Amino acid sequence: MKFEVPKRSSWITAAGVIAGLALPLAFGEAFMWLRPPENVRQFLDGDPILRGPYRSDPVLRVAYPSPELYRPAEAPMLADIKKTSPKPTWFFFGVSFARGLWLTSQTQMPSYRTFMFREIDDRLHMRVNEARMILDYGIEANHLVFVLIPLEIARYTETPLSYFNVNRQGKIVYSVRRPPHPFNWLTDHSRIALLAWVRARRHNALPNFRLSTITDNVPQTVQDDFRLMFGELGRLEREKGVPVTVVLLPDRRQVLYDNSNYALQKTFAALAKEAGIDLYDPVEMMRAQPDRWALFGPDWHYTELGYGLVLKGLADHIERNAKPRAANGGLLQ
């Protein structure tokens, strides 16, 4: 006997299947709009919860509306710093390696006044404006030291300069690389689709780039960003009359092993020369040490020996450049 399902039952079954699929998605989408996770919230320009102390900058994307809103992690508030000192004054900017050099300077350079200016999660383009704001505030400096590590440079393949934005509430939010048409409609209108896109790390500007390869391959987009940032450092030096040195620390593999082509060092040396700023590259000095492993601790930060070596090399480098700068009216050729 042939059994036939009534047409009405077929439609009810189909509707039930569709509802069973659609309702969880609808509830999930509603929840994502009400309470988006943090790794998605940072890409939502209109989220009213995202508030911060920044303002938009036409060149470097992010700046500070006033010195009073600046909260350095290591230094005192700007109002608490004496604006002048009989001691030569150096400002350090950078991540944890810059902090290590600054801490070492406290004991190895007692005749100097040194400060470490750092905000949590700041980047080089933010530090340029930090330095400008500090100098505009009237705190005198004899040298500005910007410390870079390969990983931080590589991060610009994920979030290039053009991806940084400041919303109306003063919070930094980020653009994302969108999927190709027509799938871009999904990430533009669905929080679930955006979450999947972000968690798959396809939102990065160069999603297939391996950060660890930056030492041997510097993408053109990264070169373009640093050409702009180095140019702004050069402009800052010329306008304020304060020498700038960029310290390019090597990846540990470049120090410990012999298989690097040093593309990162060569590229950044050319960019610094083009911008007219000083670059200090300690890789050969570190490689010349009889026990290179002794320069690194278990977490791959430098040991006391490593920081002391790099800082001494930096001080010697700056001293050697002082005479050419003086002969050229304070500018480096």
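All letters in the sequence shown, in the order written, are residues 60 to 392 by my numbering. C-beta atoms are modelled at their ideal positions from N, C-alpha and C, and glycine is treated no differently. Predicted, not measured: the structure shown is a model, and the values here were computed from it.
Give me the Cα-Cα distance between G153 and L245, rounded to the nearest whole angstrom.
38 Å
Assign A78 to one of three DSSP states: helix, strand, or coil.
With a pLDDT of 48 at A78, under the threshold of 50, the modelled position of that residue is not reliable, and no figure is offered here.
For A132, is the classification buried or exposed, using 16 other Cβ atoms within 10 angstroms of its Cβ as the cut-off for buried?
exposed
For H202, which three-state DSSP category applies?
strand
Report the rounded CA-to-CA distance for Y233 versus P239, giving the unit in angstroms.
19 Å
If you reduce the DSSP assignment to three classes, tell me which class R379 lands in.
helix
Residues that DSSP places opposite R120 in a beta bridge:
D116
Can you tell me whether A374 is helix, strand or coil according to DSSP?
helix
Let me make sure I understand the geometry here. Which of H262, R250, V225, F242 has the alpha-carbon closest to that of V235?
H262
Which of helix, strand or coil DSSP assigns to R261:
coil
Would you report the Cα separation of A78 and R258, rounded to the nearest angstrom?
Only weak support is given to the placement of A78: the predicted model assigns it a pLDDT of 48, under 50, and the value that follows is read from those uncertain coordinates. Rounded to whole angstroms, A78 to R258 spans 27 Å at the Cα level.
Name the one or two DSSP bridge partners that T148 has.
R172
Have a look at L128 and T143 and give me their C-alpha separation to the nearest angstrom.
22 Å
Kindly indicate the opening and closing residues of the alpha helix (DSSP H) around F156.
155-167
Can you give me the C-alpha to C-alpha distance between Q392 and D337, rounded to a whole angstrom?
Any answer about Q392 is weak, because its pLDDT of 48 lies below 50 and its placement is not dependable; what the coordinates show is given next. Computed Cα separation, rounded: 9 Å.
Going by other Cβ atoms of all chains shown within 10 Å of its Cβ, with 16 needed for buried, is K141 buried or exposed?
exposed
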